[in-house]
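These notes concern the structure reproduced below.
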Amino acid sequence: MAIRQISWLTKEMWFEALKSSLRKFHPMEQLRNPVMFLVYLGAVVSTLFCILYFNSFGRFEFQICIWLWFTSFFANLAESLAEGRGKAQASSLKKARTDLEARLFKDNKETCIPSPQLQPGDIVICEAGNIIPCDGEVVEGIASVDESAITGESAPVIRESGGDRSAVTGGTKVISDRVLIKITARPGDTFLDRMVSLIEGAKRQRTPNEIALAILLMALTLVFVVAVVTLKSFAEFSEGQASIFGESNTSFMILLSLLVCLIPTTIGALLSAIGIAGIDQLIKHNVLAMSGRAVEASGDVDVLLLDKTGTITLGNRMATDFIPAEGVSVEELADAAQMASLVDETPEGRSIVILAKEKFKIRGRNIQELNANFIPFSANTRMSGVDLQLEGGKARKIRKGAADAIEKFLKESGRSISANLKQKVEAVARQGATPLVVCDDERTLGIVQLKDIVKGGIRERFAELRKVGIRTIMITGDNPLTAAAIAAEAGVDDFIAEATPETKLNRIRDEQKEGHLVAMIGDGTNDAPALAQADVGIAMNTGTQAAREAGNMVDLDSNPTKLLDVVHIGKQILMTRGALTTFSVSNDIAKYFAVIPALFLGLHSDKGLEGPLGVLDIMNLYSAESAVLSAIIFNALIIVVLIPLALKGVKYLPMSASALLRRNFLVYGIGGLICPFLGIKCIDLLIVWLGWVTQ
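Sequential numbering of the sequence shown, starting at 388, is according to my numbering.
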């Protein structure tokens, strides 16, 4: 089942959310949220009072008790619904996490053992049809792997040894060929295990912003606790001064209800759900966030560093053109280049054979009939080729390689590369391509142009990142000429050429010292230090195990342009939290002015008449009891109304901070002031009509 195909609107998820909401009434669960813990305590205390004073309490007190429990339950429901989708996703992943028989390869012998007995460093054999028993890296061979259980993508991916696409995940399936895999994780601590625990939310920790906001909400709660506790003394003092007693309603249940209405229960109830929903939004885009901190940080990222190979480009250099030297036909060059590449199994060598075949219909030869001695590529010579035995015992030596390597080869026989061809080599390099010079023992034939293809659509996505204020920097080990050309083609703002792991790490640190929040996208082992240092480290799922462990996010689709979605979601979380906090505080202010006048209308007045506070009683509620009951019902129901907004998030709109502040104030600030007046008045009319309160 694809991760992003799961909906949280199924009956099973609602049923599980309801059960989870009831389980969250455990005191230790409630203690995690101080604001809602106060509501929980209020519900418990009011229940005890209703039991102890059952004969003296009326219908009003019992209704208050019930609605306090509903308020606590709705807060639990908001968090449970946010967690519900993750638990369903985790269930689908658990199906892939099964105990298998592993084919252990040791001392040139193959033995079958249960996969839980595998240890890091063990070598296992996997062939077509086998399920990979544990996380590891391909150390020999190449194979197609079905990772749909993890990524949701049906198309198989290639996993091969010796590159940045060597990592394999336990629970995925080999669908072709044979590979040897070196185990890198212990059973129970695999990538799939971590995905399950993270998606379930079991290890989710509160982010710094959540902690700061929780402290603010606690401070506001303490202010309202002091205000409500002193109300009774204030009322009694005012009645004593006027020699009129019993005109204000300050019973325990009234004051308890008033406290619950005034403390920031709305944002307190939804705060956890917003954070969980943010991680869920990323999962919909097939990005696994290892922490809520990374999701929030992504909303403030303003610098992005990207590794070139495999991230901006496809990763393998491919032959794209034949450029002949003066006096040489392009067909002759293509024929010689293909001849020198017949046994070259590198992606570059195979692409040369294919390009010659496609452009000039040059078919591959029978190697046995050529009577040829093929020269493999060597890191020392930096070239490869073939020696052909011609008639008369004469040999023809064809070589292809880097320009300086071919120059050195030609000098041995007193020849050199022409000035015209050197200019063509430089021109190819300036275009961001890699020139391979082809020669035989008589003359230089020309150039094979190799190019690392830039991924489609990436230039447009970088332009969108620029619009939201994110500066992009490409990192590559290429020479400055090649790096500049690829940077221009991809549309990045800056680049770092001839980069080492230390160069990447130092650049990130320098940007952070200047106050920037840095995101890093990479897929190789050499990217791991930079991924760990970055505020947001996004590892490609096709990358190495080291890269995936160093990052705090994993892109299961291995699409670097996904960062724009990650940034939008991060900003959306911050906007949602800010909007609902504004709404909640405005709500509390409105409820204060809606309820307080109804409670103290008789103060400083003649017996039975309306006092000075009557001027503030603009809502003209039926009675003090109906005012409090209406407010407590509204306080509970508004949580339910806002759950979809907390889970879905406020719509992200690219705008300045000042424009965003104005929008928040107008929509959620003023809206938070108006809604309680309208809602409480409507509820007051309804409960009077239903006969829930008496005069």
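Every residue, glycine too, gets a C-beta built ideally from N, C-alpha and C.
How big is the Cα-Cα spacing for residue i and residue j?
{"i": "residue 928", "j": "residue 943", "result": "5 Å"}
{"i": "residue 664", "j": "residue 470", "result": "8 Å"}
{"i": "residue 1071", "j": "residue 1036", "result": "31 Å"}
{"i": "residue 841", "j": "residue 785", "result": "31 Å"}
{"i": "residue 589", "j": "residue 853", "result": "Note that residue 589 has pLDDT 42, beneath the 50 cutoff, so the model's placement of it is unreliable and no number is given."}
{"i": "residue 620", "j": "residue 607", "result": "21 Å"}
{"i": "residue 848", "j": "residue 857", "result": "11 Å"}
{"i": "residue 672", "j": "residue 953", "result": "8 Å"}
{"i": "residue 545", "j": "residue 843", "result": "19 Å"}
{"i": "residue 800", "j": "residue 731", "result": "26 Å"}
{"i": "residue 455", "j": "residue 644", "result": "8 Å"}
{"i": "residue 788", "j": "residue 828", "result": "14 Å"}
{"i": "residue 837", "j": "residue 869", "result": "11 Å"}
{"i": "residue 913", "j": "residue 974", "result": "52 Å"}
{"i": "residue 624", "j": "residue 610", "result": "21 Å"}
{"i": "residue 835", "j": "residue 677", "result": "44 Å"}
{"i": "residue 435", "j": "residue 448", "result": "12 Å"}
{"i": "residue 704", "j": "residue 736", "result": "10 Å"}
{"i": "residue 1065", "j": "residue 1009", "result": "15 Å"}
{"i": "residue 413", "j": "residue 510", "result": "47 Å"}
{"i": "residue 831", "j": "residue 881", "result": "37 Å"}
{"i": "residue 419", "j": "residue 680", "result": "18 Å"}
{"i": "residue 674", "j": "residue 941", "result": "6 Å"}
{"i": "residue 408", "j": "residue 649", "result": "24 Å"}
{"i": "residue 498", "j": "residue 492", "result": "7 Å"}
{"i": "residue 1046", "j": "residue 1040", "result": "10 Å"}
{"i": "residue 729", "j": "residue 803", "result": "26 Å"}
{"i": "residue 438", "j": "residue 1060", "result": "36 Å"}
{"i": "residue 605", "j": "residue 512", "result": "57 Å"}
{"i": "residue 983", "j": "residue 1048", "result": "30 Å"}
{"i": "residue 761", "j": "residue 743", "result": "19 Å"}
What did DSSP end up calling residue i once you bin it into helix, strand or coil?
{"i": "residue 888", "result": "helix"}
{"i": "residue 821", "result": "strand"}
{"i": "residue 688", "result": "coil"}
{"i": "residue 830", "result": "coil"}
{"i": "residue 976", "result": "helix"}
{"i": "residue 674", "result": "strand"}
{"i": "residue 395", "result": "Annotation note: pLDDT 49 at residue 395 (below 50); position unreliable, coordinate value reported separately. Reduced to three states, the DSSP call for residue 395 is coil."}
{"i": "residue 771", "result": "strand"}
{"i": "residue 569", "result": "strand"}
{"i": "residue 798", "result": "helix"}
{"i": "residue 984", "result": "helix"}
{"i": "residue 964", "result": "helix"}
{"i": "residue 667", "result": "helix"}
{"i": "residue 711", "result": "strand"}
{"i": "residue 882", "result": "strand"}
{"i": "residue 804", "result": "coil"}
{"i": "residue 616", "result": "helix"}
{"i": "residue 783", "result": "strand"}
{"i": "residue 1080", "result": "coil"}
{"i": "residue 730", "result": "coil"}
In the DSSP output, which residue or residues are listed as bridge partners for residue i?
{"i": "residue 531", "result": "545 and 563"}
{"i": "residue 837", "result": "706 and 821"}
{"i": "residue 638", "result": "Its beta-bridge partners do not exist; DSSP assigns none."}
{"i": "residue 788", "result": "770 and 824"}
{"i": "residue 896", "result": "DSSP output for residue 896 lists no bridge partner at all."}
Give the range of the beta strand (DSSP E) segment to which residue i is assigned.
{"i": "residue 1022", "result": "Element bounds for residue 1022: not the beta strand (DSSP E) but the alpha helix (DSSP H), 1011-1035."}
{"i": "residue 940", "result": "940-942"}
{"i": "residue 927", "result": "923-927"}
{"i": "residue 907", "result": "905-909"}
{"i": "residue 759", "result": "759-762"}
So the alpha helix (DSSP H) residue i belongs to, where does it begin and stop?
{"i": "residue 1068", "result": "1057-1077"}
{"i": "residue 425", "result": "421-439"}
{"i": "residue 848", "result": "845-854"}
{"i": "residue 869", "result": "867-877"}
{"i": "residue 695", "result": "Per DSSP, residue 695 belongs to no alpha helix (DSSP H) and is neither H nor E."}
{"i": "residue 737", "result": "734-747"}
{"i": "residue 933", "result": "932-937"}
{"i": "residue 861", "result": "Run containing residue 861: none in the alpha helix (DSSP H); it sits in the beta strand (DSSP E), 858-862."}
{"i": "residue 415", "result": "414-417"}
{"i": "residue 918", "result": "915-920"}
Exercise for the section: Only counting runs of 3 or more residues, tell me where the beta strand (DSSP E) segments fall wholly within the segment 483-532, in order along the chain. Expected result: You should have 488-493, 496-501 and 510-514.
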